[in-house]
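Below is one structure, written out as structure tokens; comments come after it.
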Amino acid sequence: MPEGVAVWGGRVRGHERAGLWVYSGIPYARPPLGPLRWRPPEPPEVWSGIREAGEFGPIAPQPPPIEGIAIPGDPAGQSEDCLTVNVWTPGSDDRRRPVMVWIHGGGFTTGSGSFLLYRGGDLARNGDVVVVTINYRLGALGFLGHRGLLDDHAPTPAIGNWGLMDQVAALRWVRDNIAGFGGDPGNVTVFGESAGAMSISALLGVPAARGLFHRAIVESGPPYTHSVERAEQAGNDLAAQLGLAELSRAALEKVPADELVAATQALQNRPPPPGEMPLPFLPVIDGAYLPRPPTEAVAAGAAASVPLLIGTNRDELSLFAFGDTRLANIDEEGLVRWMARAAPEIDPDELVETYRATRRERGEPLSPRDLWVGMGTDLVFRWPSLRLAAAQCRHQPATYAYLFTWETPAFGGQLGSCHALEIPFVFGAIHRPLIAAFAGGGPDAGALSEAMQSAWLSFARTGDPSHEGIGAWPAWDPTRRATMMFGPGGGDVVDAPRNEELAVMAAAWPIDESVGDLNSGS
Numbered sequence: 024m025p026e027g028v029a030v031w032g033g034r035v036r037g038h039e040r041a042g043l044w045v046y047s048g049i050p051y052a053r054p055p056l057g058p059l060r061w062r063p064p065e066p067p068e069v070w071s072g073i074r075e076a077g078e079f080g081p082i083a084p085q086p087p088p089i090e091g092i093a094i095p096g097d098p099a100g101q102s103e104d105c106l107t108v109n110v111w112t113p114g115s116d117d118r119r120r121p122v123m124v125w126i127h128g129g130g131f132t133t134g135s136g137s138f139l140l141y142r143g144g145d146l147a148r149n150g151d152v153v154v155v156t157i158n159y160r161l162g163a164l165g166f167l168g169h170r171g172l173l174d175d176h177a178p179t180p181a182i183g184n185w186g187l188m189d190q191v192a193a194l195r196w197v198r199d200n201i202a203g204f205g206g207d208p209g210n211v212t213v214f215g216e217s218a219g220a221m222s223i224s225a226l227l228g229v230p231a232a233r234g235l236f237h238r239a240i241v242e243s244g245p246p247y248t249h250s251v252e253r254a255e256q257a258g259n260d261l262a263a264q265l266g267l268a269e270l271s272r273a274a275l276e277k278v279p280a281d282e283l284v285a286a287t288q289a290l291q292n293r294p295p296p297p298g299e300m301p302l303p304f305l306p307v308i309d310g311a312y313l314p315r316p317p318t319e320a321v322a323a324g325a326a327a328s329v330p331l332l333i334g335t336n337r338d339e340l341s342l343f344a345f346g347d348t349r350l351a352n353i354d355e356e357g358l359v360r361w362m363a364r365a366a367p368e369i370d371p372d373e374l375v376e377t378y379r380a381t382r383r384e385r386g387e388p389l390s391p392r393d394l395w396v397g398m399g400t401d402l403v404f405r406w407p408s409l410r411l412a413a414a415q416c417r418h419q420p421a422t423y424a425y426l427f428t429w430e431t432p433a434f435g436g437q438l439g440s441c442h443a444l445e446i447p448f449v450f451g452a453i454h455r456p457l458i459a460a461f462a463g464g465g466p467d468a469g470a471l472s473e474a475m476q477s478a479w480l481s482f483a484r485t486g487d488p489s490h491e492g493i494g495a496w497p498a499w500d501p502t503r504r505a506t507m508m509f510g511p512g513g514g515d516v517v518d519a520p521r522n523e524e525l526a527v528m529a530a531a532w533p534i535d536e537s538v539g540d541l542n543s544g545s
């Protein structure tokens, strides 16, 4: 394809690799530098000739990876000029294939669409789909929300949500350009994990995103948000950390990106207010770009036309506890104290006793650390995700839920079915040696990866994740709560799995009253 593909800004030339065409580092927006910081993304600059799309662009400014965690081959060069997309396609033709757009996680402060774990070749090849991954602004540059940043140039009085605006701009790029890469702009599935999935949960309630995607897959990403007041508190804390007398656009535009990153890291090390996520920067319910809490918007029908596949991993919080001696050695008193702070609405003694009793009955580990992982996982991830499913299935019958239970063999199995473990199974990356050492290998792992990848691809193609390998996957509803359990060998449907542990949370946040969101101030 020497003539290249026409996109916003000019033409790009990709490279053929193992039977696929790969296009890397295509700009979808102008670099958000200087006076473009904390403003909505603008269309990319125009270039002449054909732009080579053979290398990934820089990643967004972020902290360096934890030693021993980074995967060789992940791009490391950072720049505020980071708003790019990557495309994997079986052919830049007129086939109109389903499109899958991946939004990466990383706590809204780290990550990139070009990381090795997210390479889309296996999905594109196995499913005859077009896979797109994106970068978006992170940390304070992407999610700082404060009225001190408002000015007369903004088309709407948005407060924060710059990273969400980037994601919407990337989806507009897909709508307008993906046909040239063999994709169908009328069949776009967004999928993501952790902060990427939280972003998708938020996008379900963003008016500007409506019609830009047609299905959504939310992996471990309930809709956590900040109120304007909470966002401004984080902004004021950031200004103080930087030594600024007050937060203003004029002052912040002069602060180097690496200093913003360092200040954000310092904020993350502080304990959050009771009942809130330990993330200083989240999407903001600003009444403009994100008008209301996402679950509330979904319950009102904001995403009624969008089939939803949503789920969590059984032991999400084990990843966050790993290496933390305070949590590894947590005692009964500390467990109750943590739960009282994390969920002030719930009697912590009742919560602990409920989980202890149900786990004793199943013969599962009962140490305070194990109970912390179980309760924290359900409190932070599973129950809010099920409440979002309940809100969506009011309007969209094609709502599906899963629970991932495969356990990693790494570190002697201490992590169980931890946060992010499902990603290599979805992307088919378990065959990469370094990733296989963490995800696990063998026939069971291969069967699980095939089952999950086929489900994701079927959902992207038809809106139904059922396929021959796992059979029929019933839609989720608040009564039956049919859930696909992904574990060794593949998947099996179980009704209301492990729900006896959720009774205390259900009393505090009823699943049939799915309005409002944690951390939203609503």
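Its first residue numbered 24, the sequence shown is counted upward by one per residue in the working numbering. Every residue, glycine too, gets a C-beta built ideally from N, C-alpha and C. Just so it is clear, the structure is predicted and the values come from calculations on it, not from any experiment.
Would the segment 378-385 count as touching the segment 337-353 if we require 3 or more Cβ pairs under 8 Å?
no
What are the boundary residues of the beta strand (DSSP E) that Y312 is part of?
Per DSSP, Y312 belongs to no beta strand (DSSP E) and is neither H nor E.
From P230, R392, D309, V211, pick the residue whose C-alpha is nearest to that of R349; which is it?
R392
8 Å contact criterion, which G186 and G165 should meet: CB distance rounded
With a beta-carbon spacing of about 3 Å, G186 and G165 fall inside the 8 Å limit used to define contacts.
Thinking C-alpha only, which one of P388, S328, I493 is nearest Y425?
I493
Determine the direct distance from the alpha carbon of I446 to that of G435, and round the result to whole angstroms.
20 Å
How about F404: is its C-beta nearer than 8 Å to some C-beta of chain B?
Protein chains in the displayed structure number just one, and chain B is not present.
From this set, G150, R195, G168, P303, which residue's C-alpha is nearest S271's C-alpha?
G168
By DSSP's criteria, D518 is part of a beta bridge. Which residues make up the other side?
A505
Report the partner residues of P50 according to the DSSP bridge assignment.
T107
Considering only DSSP beta bridges, list what Q190 is partnered with.
Partner(s): none; Q190 has no beta bridge.
Tell me whether D151 sits in a helix, a strand or coil according to DSSP, three-state version.
coil
Could you give the residue range of the beta strand (DSSP E) that holds D500?
Element bounds for D500: n/a, residue is neither H nor E.
Could you name the residues that DSSP lists as bridge partners for S250?
I308
According to DSSP, E216 sits in a beta bridge with which residue or residues?
E242
Mark R22 as exposed unless 16 or more other C-beta atoms lie within 10 angstroms of its C-beta, in which case mark it buried.
The structure shown has nothing for residue 22, since the chain only spans 24 to 545.
Over the uninterrupted alpha helix (DSSP H) stretch that includes E376, give me the two end residues.
371-385
Backbone CA spacing between R484 and P295 [nearest angstrom]:
Looking at the backbone, the Cα of R484 and that of P295 are separated by about 41 Å.
Measuring CB atoms only, is the segment 236-250 touching the segment 323-333, in the sense that at least three cross pairs come out at less than 8 Å?
As far as the Cβ criterion goes, the segment 236-250 touches the segment 323-333, which means the pair count is three or higher.
Based on the DSSP output, what are the partners of V197 in its beta bridges?
BP columns for V197 are empty, so no partner.
Supposed contact pair L146 and I94 - C-beta distance, whole angstroms, cut 8 Å
At roughly 18 Å, the Cβ-Cβ gap does not stay under 8 Å, so I94 and L146 are not in contact.
Going by other Cβ atoms of all chains shown within 10 Å of its Cβ, with 16 needed for buried, is V35 buried or exposed?
Classification of V35: buried, given that the 10 Å Cβ count is 16 or more.
Quick check: the Cα distance between L541 and E276, rounded to an integer number of angstroms?
Summary for L541: the model assigns pLDDT 39, below 50, so the residue's position carries little reliability; its value from the coordinates is reported in the next sentence. Whole-angstrom Cα-Cα distance: 31 Å.
Mind checking who L43 pairs with in its DSSP beta bridge?
R40
Specify, as a first and last residue, the run of the alpha helix (DSSP H) that A163 falls within.
In the DSSP annotation of this structure, the continuous segment of the alpha helix (DSSP H) that includes A163 starts and ends at 162-166.
Where does S543 land, buried or exposed, given buried means 16+ other C-beta within 10 angstroms?
Only weak support exists for where S543 lies, its pLDDT of 42 falling under 50; the value from the coordinates is given anyway. When all chains shown are included, S543 counts as buried.
What three-state label does DSSP hand A225 in the structure shown?
helix
Please report the residue range of the alpha helix (DSSP H) in which F427 lies.
Taken as a continuous stretch (DSSP letters only), F427 belongs to no alpha helix (DSSP H), being part of the beta strand (DSSP E) at 422-427.
Does the contact criterion of 3 or more C-beta pairs under 8 Å hold for the segment 209-221 versus the segment 125-137?
yes
With P456 as the anchor, note down where its alpha helix (DSSP H) starts and where it stops.
456-462
Would you mind reading off the limits of the alpha helix (DSSP H) that contains P367?
P367 -> no alpha helix (DSSP H), and no H or E assigned at all.
So A254 and P84 are supposed to be a Cβ contact under 8 Å. How far apart are they, rounded?
Incorrect: roughly 19 Å between the Cβ atoms, too far for contact.
Do I157 and R170 have their beta-carbon atoms positioned less than 8 Å apart in this structure?
no
Would a C-beta distance cut-off of 8 Å place G48 and F79 closer than the cut-off?
yes
Cutting at 6 Å between CB atoms, please list the residues of its own chain near A326, excluding the five before and the five after it.
Taken in chain order, the residues that qualify are L227.
Reduced DSSP category for D207 - H, G, I as helix; E, B as strand; rest coil:
strand
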